[in-house]
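Residue numbers (the numbering used here): 1328 to 1731.
Taking it in order: structure first as structure tokens, then the write-up.
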């Protein structure tokens, strides 16, 4: 992990009340309800040194006035830490915690979410071979746990060896080999081996990196064994188009399982947690961010992903688009608006659906540390299965306070 500069500890709190005219997002018997939520948000990045860490955490508690859903705890965490033990040898720790959807076919409601925690730790050893070559070895233990007991947890052991050669100041390449052994608490075992060629290239305003290789996955469950091979790859491109415009694109194709951290790295990927088999997953994220001279800001993002579950031959595809715009209207008043569209297909059931939403809000700075925010929005889903359709109108009011 690389820390460019330290960031001071920040802590903020908020109180949000959100009214919905269709809280359960159903096609019939729509019910109105209001959720009131209190939350705390913390962020910190340490000074550069032998030990470095970056933390972003959010905790909250929400209750529904008419008991449409049970009271719920909200927790989100992203932590990365790294300590240099001796020259060339370091120990890394990471923890990612967030709510994920359980059943991608159902509406996105509190009853259809579970908390996923992915914890990883282990040593990394780097050995310089002259000035241009470096060998890196790592051994990682990873534990994935879901808050709902019906979801499958896992433990995995990951070993990686790589060689990297510097070809010039702006170009490097190498080889990487990894072995991943996962044990699911359902009794399934999934082993994945990958051999790949990696590269990195930089220009004055552009960075490009990636890898391509071959992966073999073998899953064993109930005395049955299944294996498959595929070409796997990943790529990342970041470009500063001009001083006020940035563009990025990330893409990856892997053989893995639903307890891996793939949906953490690509947030638009939604695994079907009813599946406990190997999955071939591909994902792409791209976006453009532009800052205007009047302090307004616009960002556009597109995404596409596919999950192919090898045991059931079930294929799920999704593509989507999001647009966000913000602008300062007055000294203390600002405007934010966003829109989102997503199209999904479920191959086995021959079902398609579209979800879309839009909202607009205002934020007013009451004092140096206190903001008041209001938003109104609309969300909808159109599906081949009529019982999955819904329409929702909502409005929210929030107070945010920056403690330090």
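Glycine residues also receive a C-beta, built at the ideal position from the N, C-alpha and C atoms.
Since the structure is predicted, the reported quantities are computational estimates derived from the model, not experimental observations.
Out of the options, point me to the one whose CA is closest to residue i's CA.
| i | options | result |
| --- | --- | --- |
| residue 1391 | 1436, 1677, 1517 | 1436 |
| residue 1395 | 1406, 1349, 1366, 1424 | 1349 |
| residue 1362 | 1387, 1616, 1580 | 1387 |
| residue 1721 | 1557, 1503, 1703 | 1703 |
| residue 1360 | 1370, 1626, 1347, 1367 | 1347 |
| residue 1440 | 1406, 1400, 1705 | 1400 |
| residue 1339 | 1351, 1357, 1368, 1345 | 1368 |
| residue 1393 | 1345, 1341, 1481 | 1345 |
| residue 1618 | 1463, 1567, 1382, 1470 | 1567 |
| residue 1524 | 1538, 1534, 1530 | 1538 |
| residue 1488 | 1450, 1713, 1511 | 1450 |
| residue 1713 | 1548, 1505, 1337, 1434 | 1434 |
| residue 1697 | 1683, 1686, 1728 | 1728 |
| residue 1631 | 1647, 1643, 1616, 1623 | 1647 |
| residue 1719 | 1353, 1456, 1447 | 1353 |
| residue 1422 | 1429, 1428, 1408, 1594 | 1408 |
Take the Cβ of residue i as the centre, count every other Cβ of all protein chains shown within 10 Å, and call the residue buried at 16 or more, exposed below.
| i | result |
| --- | --- |
| residue 1424 | buried |
| residue 1517 | buried |
| residue 1514 | exposed |
| residue 1468 | exposed |
| residue 1413 | exposed |
| residue 1329 | Here the model assigns residue 1329 a pLDDT of 45, short of 50, so the residue's position is not dependable and the matter cannot be decided. |
| residue 1475 | exposed |
| residue 1596 | buried |
| residue 1521 | buried |
| residue 1711 | exposed |
Which residue marks the beginning of the beta strand (DSSP E) containing residue i, and which one marks its end?
| i | result |
| --- | --- |
| residue 1590 | Per DSSP, residue 1590 belongs to no beta strand (DSSP E); it is in the alpha helix (DSSP H), 1589–1592. |
| residue 1470 | 1460–1473 |
| residue 1634 | 1624–1636 |
| residue 1528 | 1516–1529 |
| residue 1613 | 1605–1618 |
| residue 1543 | 1533–1548 |
Less than 8 Å between the CB atoms is what I'm expecting for residue i and residue j, so what's the real figure, rounded?
| i | j | result |
| --- | --- | --- |
| residue 1606 | residue 1635 | 7 Å |
| residue 1602 | residue 1585 | 6 Å |
| residue 1638 | residue 1604 | 3 Å |
| residue 1661 | residue 1690 | 5 Å |
| residue 1500 | residue 1453 | About 17 Å; that fails the 8 Å criterion. |
| residue 1649 | residue 1667 | 4 Å |
| residue 1611 | residue 1578 | 4 Å |
Could you confirm whether any beta carbon from chain C is found closer than 8 Å to the beta carbon of residue i?
| i | result |
| --- | --- |
| residue 1518 | The structure shown contains no chain C, having only a single protein chain. |
Answer yes or no: do residue i and residue j have a C-beta to C-beta separation smaller than 8 Å?
| i | j | result |
| --- | --- | --- |
| residue 1598 | residue 1432 | no |
| residue 1486 | residue 1725 | no |
| residue 1364 | residue 1343 | yes |
| residue 1509 | residue 1481 | yes |
| residue 1625 | residue 1651 | yes |
| residue 1373 | residue 1384 | no |
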